Structures are given as structure tokens and as C-alpha cells.
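>
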Amino acid sequence: AGLPDGFVYLREVAPAIAQDMRYYGSHNFIGRPIDGYQAPECILTREAAAAVKAVHEDLAAAGLRVKVFDCYRPTRAVAQFVRWSRDLEDQRMKAEFYPNIAKTDFFRLGYVAKRSGHSRGSTVDLALEPAAASPSQVDARADGPAVACTAPFAERFPDSPLDFGTGFDCMDPLSHPDSPAVPSEAQRNRALLAQAMERHGFRGLPEEWWHFTLKAEPFPNTWFDFPVMAPGQ
Ligand SMILES: C[C@@H](N)C(=O)N[C@H](C)C(=O)O
Ligand SMILES: [Zn+2]
401 AGLPDGFVYL REVAPAIAQD MRYYGSHNFI GRPIDGYQAP ECILTREAAA
451 AVKAVHEDLA AAGLRVKVFD CYRPTRAVAQ FVRWSRDLED QRMKAEFYPN
501 IAKTDFFRLG YVAKRSGHSR GSTVDLALEP AAASPSQVDA RADGPAVACT
551 APFAERFPDS PLDFGTGFDC MDPLSHPDSP AVPSEAQRNR ALLAQAMERH
601 GFRGLPEEWW HFTLKAEPFP NTWFDFPVMA PGQ
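For the sequence shown, the numbering used here assigns the number 401 to the initial residue and increments by one for each residue that follows.
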């Protein structure tokens with residue numbers, strides 16, 4: 401079937417960018433694979449993929465690489481987030497991803513959108529890691545019981561060997577990019593990421609240090625629902 405016109409696989413544009421597509425698997429705030437994610441692939445509009453690649457190349461000089469967690473998100477996935485938020489029995493991932501807030505407050509507090517920019521294809525969730533980091537180095541620290549995403553860097557799940565102050569998708573005020581309550585090293589890493597993203601045309605979100613949208617997005621008024629599939633699938 402192929403991708404709709406205007407969309408590309410990030411892997412084909414920038415193979416050196418790390419991909420840890422959290423909504424394909426179960427290590428996410430719901431705790432199960434999310435509707436519409438049929439492959440662990442980052443899909444973006446051509447313009448957004450080129451801009452993320454430019455960020456990656458910009459930071460390579462500092463020995464860093466980009467690592468993406470979510471890219472294009474089908475609207476059926478967003479619909480699942482909304483349904484899940486109403487199921488108060490299901491709190492399986494609370495201890496790790498939202499230890500201090502109620503899941504019913506995710507939308508009001510800005511941590512999840514009922515109409516997400518991700519579905520327009522030019523929004524990306526990402527962090528940075530040392531270019532030399534191997535997946536096995538990260539995996540080796542990932543075993544064990546759930547630890548709050550707000551816990552100190554050495555204790556919580558290692559999304560990246562760099563400290564960004566909280567884990568990815570940590571629904572908590574500590575994830576606000578300008579939070580003064582995270583360590584100064586995390587504040588510096590957030591600033592490094594945000595400044596690089598802004599240099600290449602993205603704007604951030606006041607609630608989440610990892611979430612950025614391309615300002616000149618090519619589909620500002622279209623929310624897509626094609627599934628995330630592997631090339632040739
Ligand atoms: C769910 C989280 N990764 C995210 O992307 N939040 C923003 C607000 C969104 O849903 O668009
Ligand atoms: Zn996001």
C-alpha cells in the first residue's frame with residue numbers, strides 16, 4: 401500500500417537516528433500495544449523528517465544522536481487513549497508513568513491531547529543520547545520492578561544515558577521543560593534539546609520536555625488515521 405503522499409520512514413531518511421517506538425510495545429503509560437501501531441517505525445512528513453535529521457546532524461558534532469519515542473500517531477491511537485482514561489479500574493502503569501496525578505486529568509493538564517499534533521505527522525517525541533551508546537547498555541539497566549518516572553536518574557527507567565529530569569511520557573509537573581525542580585544537568589540537557597529543535601524549526605510544549613511540532617507543518621489541518629506499518633508490509 402505504501403505511505404500517503406508527503407510521508408516518509410525516518411529510518412530511510414536518517415538511519416543513524418535511534419528509534420524506541422513505545423506505543424508499538426507495552427512499555428508505555430497504558431501498558432499494552434496501542435491501536436494502529438503495527439510496526440516499530442517512525443513515520444513523519446517529509447519536512448519533519450528532514451528537520452529531525454538536521455537536528456541529529458547538528459548535534460553529532462557534540463557526540464550525540466537523536467532518539468525518537470513517537471512520531472506520526474494514528475487518530476485511532478488517540479481514541480484508545482481517551483477510552484483508557486475513562487477506565488478507572490485500569491491503573492497498571494500508574495506507579496511508573498503518573499505517580500502523582502489522576503489519569504482522568506491527563507487532558508485537562510495538557511499531557512495528552514484529544515486531537516494530537518502527532519496525527520498531523522509533523523510532531524515528534526524525542527531525547528538525545530551519546531552517539532556511542534549501545535542498546536544493550538540501556539537494556540541492561542532496564543530490568544526490575546516499576547520505578548516512578550519522577551525518581552532520581554540512577555533509579556528510574558533509563559530512556560537515555562543522559563538525564564532529562566524525568567522519564568519519557570512522565571505525566572508530572574517535573575516534566576515541564578522549565579521546571580526548576582530537576583537537577584541542573586537535566587535542565588542543561590533539556591535546553592540543549594530545545595535549542596537544537598528550535599534552530600531547525602520546531603516549537604516545544606510547556607508540559608513535556610520531549611514533545612516538538614514543526615512550525616511550518618505541511619498538513620496543519622489534517623488528522624490522519626493510516627496505520628503505522630513497516631515498509632512493504
Ligand atoms: C502522550 C504524549 N506522548 C504526547 O504526545 N502528548 C501530547 C500532548 C499529545 O498527545 O499530542
Ligand atoms: Zn508528543
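From the three backbone atoms N, C-alpha and C, an ideal C-beta is built for every residue, glycine too.
Fair warning: this is a prediction, and the values are worked out from it, not measured in the lab.
If Tyr423 and Tyr437 are in contact, beta carbons under 8 Å, what's the gap, nearest whole angstrom?
Numbered from 1 along the sequence shown, position 23 holds the residue referred to as residue 423. Numbered from 1 along the sequence shown, position 37 holds the residue referred to as residue 437. With 8 Å as the limit, Tyr423 and Tyr437 qualify as a contact, their Cβ atoms being about 5 Å apart.
> Using only the heavy atoms of ligand 1, determine whether one of them is closer than 8 Å to the beta carbon of Ala460.
Locating residue 460 in the sequence shown gives position 60, where the first residue counts as 1. Checking the Cβ of Ala460 against ligand 1 gives no.
> Which runs of the beta strand (DSSP E) fall wholly inside the region 560 to 610 and span at least 3 residues, in chain order?
602 to 605
> Can you say whether Pro577 is buried or exposed, counting buried as having 16 or more other CB atoms within 10 angstroms of its CB?
Position 177 of the sequence shown, counted from the first residue, corresponds to residue 577. Burial call: buried.
> Looking only at its own chain, which residues have a Cβ that is under 8 Å from the Cβ of Lys615, when we skip the five neighbours before and after it?
As a working note, residue 615 is residue 215 in the sequence shown. The answer, listed in chain order, is Gly601, Phe602 and Arg603.
> May I ask which residues mark the beginning and end of the alpha helix (DSSP H) holding Glu529?
In the sequence shown, residue 529 corresponds to position 129, counting from 1. Here Glu529 belongs to no alpha helix (DSSP H); instead the beta strand (DSSP E) covers Thr523 to Pro530.
> What residue does the alpha helix (DSSP H) around Gly553 start on, and which one ends it?
As a first step, residue 553 is located in the sequence shown; it is residue number 153 there, counting from the start. Here residue 553 is Phe; the residue named in the question, Gly, does not match the sequence. First-last for Phe553: undefined, no H or E at that position.
> Taking the CB atoms as reference points, tell me whether Asp458 and Arg599 lie closer together than 9 Å.
Looking up residue 458 in the sequence shown gives position 58. Looking up residue 599 in the sequence shown gives position 199. Yes, the pair counts as a contact, with Cβ atoms nearer than the cut-off.
> I'd like to confirm something about Tyr424: is its beta-carbon nearer than 8 Å to some heavy atom of ligand 1, or not?
For the purposes of this step, residue 424 is taken as the residue at position 24 of the sequence shown. No, the Cβ of Tyr424 stays beyond 8 Å of every heavy atom of ligand 1.
> If we require 4 or more residues per run, which alpha helix (DSSP H) segments fall completely within the region 424 to 488?
446 to 460 and 475 to 485
> Less than 9 Å between the C-beta atoms of Phe612 and Arg520, yes or no?
As a working note, residue 612 is residue 212 in the sequence shown. As a working note, residue 520 is residue 120 in the sequence shown. With a cutoff of 9 Å on beta-carbon distance, Phe612 and Arg520 are scored as not near each other.
> How many Å lie between Arg483 and Gln491 at the Cα?
On the sequence shown, position 83 is the one that residue 483 refers to. On the sequence shown, position 91 is the one that residue 491 refers to. Answer to the nearest angstrom: the Cα atoms are 13 Å apart.
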